[in-house]
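Every position in the sequence shown, counted from 1, becomes a number in the working numbering once 174 is added.
What follows is a set of notes on a single structure, which appears directly below.
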Amino acid sequence: DEAVLRKFMRDNGVTSGLAREIWKTYRYQTLSKEVKLRKQDIEAMVRMPLRLQMRLSAELYKFHLQRMPIFSMANRLSSDELPAICYFSLSEHPGTPFQEVFPSHMRSDSAIFLAQGTMEYTSPKLQSKYEVNETEWVCEGA
């Protein structure tokens with residue numbers, strides 16, 4: 175991987191400043207870390223009956239989901255629907271350092287909730303940086 179990346183940058187005349195930034199990001203992203211197993215990574219989980227998958231989703235995400243006002247209200251008004259809400263509206267996406275989750279000039283269709291770690295968010299309209307911490311959420315305006 176490193177040899178291919180090095181050759182690509184050399185062949186394409188990538189400037190040294192950008193190359194350093196790319197290497198820094200590459201090294202952060204490829205550090206050996208234990209990868210958390212997600213339910214969609216286990217074939218047997220995907221084949222389980224839908225009602226069990228919905229109950230599992232509710233158990234995995236209910237705590238986090240209730241920190242978002244809309245879902246907290248949905249839980250208060252109709253807690254029986256929470257398993258379906260969790261199953262159909264949530265997905266888990268592990269992030270990597272320097273990953274762009276809301277690329278500029280692209281329409282966003284989701285909110286991000288941090289179950290673990292921190293993330294830096296730059297508001298395109300306000301040109302301000304914010305640190306989003308564990309159990310907080312962020313989304314782009316429509």
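Heads up, the beta-carbon is just placed ideally off N, CA and C, and yes, glycines get one too.
Around the beta carbon of P268, a 10 Å sphere encloses fewer than 16 other beta carbons of the protein chains shown; the residue is thus reported as exposed. Within its own chain, the residues whose Cβ lies closer than 8 angstroms to the Cβ of R229, once the five positions on either side in sequence are excluded, are P257, listed in chain order.
Rounded to the nearest whole angstrom, the C-alpha separation of W311 and Q214 is 22 angstroms. For F272, the CB contacts under 6 angstroms within the same chain, skipping 5 residues up- and downstream, are T199 in chain order. Counting C-beta pairs with one atom in each stretch, the stretch 215-222 and the stretch 244-259 have fewer than three that are closer than 8 angstroms, which means they do not touch. Under the DSSP assignment, V312 falls in the beta strand (DSSP E) whose first and last residues are W311 to C313. When L211, F182 and Y261 are compared, the shortest CA-CA separation from R225 is found for Y261. Ranked by how close their Cα comes to the Cα of E274, the residues V188, K181, H238 and T296 have T296 in first place. For F287, the enclosing beta strand (DSSP E) starts and ends at A285 to F287.
Counting along the chain, no beta strand (DSSP E) covers E266, and no H or E run does either. Out of N307, S284 and M280, the CA that lies nearest to the CA of G291 is found in N307.
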